[in-house]
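Asks: Sharing a structure here in C-alpha cells format.
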Amino acid sequence: MIAVHGLLLLFGWLEYKLFVIVWGFMNRATYFYLIIRVPLIIFINSQLVFKNVKY
Numbered sequence: 011m012i013a014v015h016g017l018l019l020l021f022g023w024l025e026y027k028l029f030v031i032v033w034g035f036m037n038r039a040t041y042f043y044l045i046i047r048v049p050l051i052i053f054i055n056s057q058l059v060f061k062n063v064k065y
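Using the working numbering, you'd call the opening residue of the sequence shown number 11 and step up by one each time.
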C-alpha cells in the first residue's frame with residue numbers, strides 16, 4: 011500500500027512537471043507566432059496594396 015501511494019505521488023509530480031514544461035513551450039510558441047505573424051501580415055498587406063494600385 012505504501013508503494014502504491016508512493017507511485018501515485020510520483021506520477022502526480024511527473025504530471026505536474028509535464029504540465030509546466032508543456033505550458034512553457036506553449037507560451038514561447040505563442041510569442042514567436044505573434045512576433046513572426048504580425049510583421050508578415052503587415053508585409054503581405056502592403057504588397058497587395060502596392061500590387062493593386064493603378065496609375
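All C-beta atoms, glycine included, are put in the ideal place defined by N, C-alpha and C. Since the model is a prediction, treat every value here as computed from it, not as a measurement.
Could you spell out where the alpha helix (DSSP H) holding M36 opens and where it closes?
Replies: In the sequence shown, residue 36 corresponds to position 26, counting from 1. Run containing M36: I12 to N62, per the alpha helix (DSSP H) assignment.
Asks: Have a look at L20 and I45 and give me their C-alpha separation to the nearest angstrom.
Replies: Mapped onto the sequence shown, residue 20 falls at position 10. Mapped onto the sequence shown, residue 45 falls at position 35. C-alpha separation (whole angstroms): 38 Å.
Asks: Leaving out five residues on either side along the sequence, give the residues of the same chain with a beta carbon under 8 Å from the beta carbon of E37.
Replies: By one-based count along the sequence shown, residue 37 stands at place 27. Sequence check: residue 37 is Asn here, not Glu. Excluding sequence neighbours, N37 sits near nothing in its chain.
Asks: Please report the distance separating the alpha-carbon of V59 from that of F29.
Replies: For this step, residue 59 is matched to residue 49 along the sequence shown. For this step, residue 29 is matched to residue 19 along the sequence shown. Distance between the alpha carbons of V59 and F29: 44 Å.
Asks: Rounded to whole angstroms, what's the CA-CA distance from L17 to V32? Just pull it up for me.
Replies: Mapped onto the sequence shown, residue 17 falls at position 7. Mapped onto the sequence shown, residue 32 falls at position 22. Answer to the nearest angstrom: the Cα atoms are 22 Å apart.
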